[in-house]
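The sequence shown begins at 1 in UniProt numbering and counts up one residue at a time.
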Amino acid sequence: VWRATSAVPSMDALGVFRGFALHRVELPASDRTRVLAFGEVRDRAVVSVDGVRIGVIQRDQHETAIAVPPGRILEVLVEDQGRVNYGVRIGEAKGLIGPATLDGAELTGWESLPLDLGAMAASVISAASFAVTSGAEPVAFLDGPVLARASFEMDAPADLFLDTRSWGKGVAIVNGFALGRYWTRGPQHTLYVPGAQLRAGRNDLVVFETGAAADPVVAFLAQPELGHLES
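This is the structure we're talking about:
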């Protein structure tokens, strides 16, 4: 359910303590590029204007602002990448930390939506528009944020490792079970798929891709690819 607030709320203010939240606001009319800025972004925000992704603001890069082209609707998908239990960051709020400003003037009139990935994945699997079609062409490119679904067949359940090297950044869910997050940054490039979560016959994989996947192919490996390990 969308929630309306004057100032942009943090994820904690929305009652969201992990995962993602989506914010949107109508921009004041203008025909020029302007600067959107926040007090802080915790931890990663994908910014779109009129449905087109224009960039990412990342906390670990010490970024708080982005240039916004002319448009009507601004959307910000914010991700909490995890919390710490030590030091000065204990108990800090996550999400967008205000004020949110556009060329220095506070931007108000926000609508915010906490994202339930489990429910989203279930709706994608059950949606008629996502029905498997014989001979359907695979998707050649995914520009997120987007939900994508694939199905695969198994003769019998077995442990697998999902190869994520052809994907960007996001979350993978198989048969309603969250496998975890993936990121091209690594170091690991596989997600463990427990055999107990699989079944003989058709299995459904849902991916919430927040970046871009140039070659979104679903592939499984027999062994994990953990990247560089200290000896």
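All C-beta atoms, glycine included, are put in the ideal place defined by N, C-alpha and C.
{"Query": "With distance defined between alpha-carbon atoms, name the residue in I66, R44, T210 and F220 nearest to L142.", "Result": "T210"}
{"Query": "Suppose the cutoff is 7 Å on Cβ atoms and the five residues either side in sequence are ignored; what does the same chain contact list for T190 look like?", "Result": "F161, L162, D163, T164, L221, P224 and E225"}
{"Query": "Counting pairs of Cβ atoms below 8 Å between the stretch 168–184 and the stretch 198–208, do you hit three or more?", "Result": "yes"}
{"Query": "Counting C-beta neighbours from all protein chains within 10 Å, is the total for I57 16 or more, i.e. buried, or is it exposed?", "Result": "buried"}
{"Query": "Return the bridge partner residues of V223 from the DSSP annotation.", "Result": "With the sequence shown as reference, residue 223 is identified as Gln, and Val is not the correct amino acid for it. In DSSP, Q223 forms no bridge with anything."}
{"Query": "Since L14 and S112 should fall inside the 8 Å C-beta cutoff, what is the C-beta to C-beta distance between them, to a whole number of angstroms?", "Result": "6 Å"}
{"Query": "So, for G19: in the same chain, excluding its five sequence neighbours on each side, which residues have a beta-carbon less than 7 Å away from its beta-carbon?", "Result": "D80, L115 and L117"}
{"Query": "Do G180 and A212 have their beta-carbon atoms positioned less than 8 Å apart in this structure?", "Result": "no"}
{"Query": "Enumerated in chain order, which unbroken segments of the beta strand (DSSP E) with a length of 3 residues or greater are wholly contained in the UniProt domain \"Beta-galactosidase 1-like first all-beta\" (10–116)?", "Result": "19–26, 34–37, 40–42, 44–49, 52–58, 65–68, 73–80, 95–97 and 110–115"}
{"Query": "Label H23 either buried or exposed according to how many other C-beta atoms from any shown protein chain fall within 10 Å of its C-beta, with 16 as the threshold for buried.", "Result": "buried"}
{"Query": "Assign W110 to buried or exposed, taking buried as 16 or more other Cβ atoms, counted over all protein chains shown, within 10 Å of its Cβ.", "Result": "buried"}
{"Query": "What residue range is occupied by the uninterrupted beta strand (DSSP E) comprising F208?", "Result": "G201 to E209"}
{"Query": "Just tell me which of P216, A200 and D12 has its CA closest to the CA of G95.", "Result": "D12"}
{"Query": "What residue range does the beta strand (DSSP E) around V8 cover?", "Result": "No beta strand (DSSP E) holds V8; DSSP gives it neither H nor E."}
{"Query": "Is it buried or exposed for S123, if we count other Cβ within 10 angstroms and need 16 for buried?", "Result": "exposed"}
{"Query": "Would you mind stating whether A219 and G195 have Cβ atoms separated by less than 8 Å?", "Result": "no"}
{"Query": "Can you name, in chain order, every residue of its own chain whose Cβ lies under 7 Å from the Cβ of S129, other than the five neighbours on each side?", "Result": "Because S129 sits at a pLDDT of 46, beneath the cut-off of 50, its placement in the model cannot be relied upon, and the point is left open."}
{"Query": "So D50 and R72 are in contact, right, with Cβ under 8 Å, and what is the actual spacing, rounded?", "Result": "6 Å"}
{"Query": "Does the beta-carbon of R185 have 16 or more other beta-carbons within 10 angstroms, so that it is buried, or is it exposed?", "Result": "exposed"}
{"Query": "Give me the Cβ distance between E106 and A100, rounded to the nearest whole Å; I'm assuming they're in contact under 8 Å.", "Result": "7 Å"}
{"Query": "In the DSSP assignment, find the beta strand (DSSP E) that holds V171 and state where it starts and stops.", "Result": "K169 to V174"}
{"Query": "Are the beta-carbon atoms belonging to E40 and I97 less than 8 Å from one another?", "Result": "yes"}
{"Query": "Ordered along the chain, which non-local residues of its own chain (more than five positions away) have a Cβ less than 7 Å from that of Q197?", "Result": "V174, N175 and F177"}
{"Query": "Give the DSSP-derived three-state secondary structure of T133 in the structure shown.", "Result": "Here the model assigns T133 a pLDDT of 42, short of 50, so the residue's position is not dependable, and the following value carries that caveat. Coil at T133, not helix or strand."}
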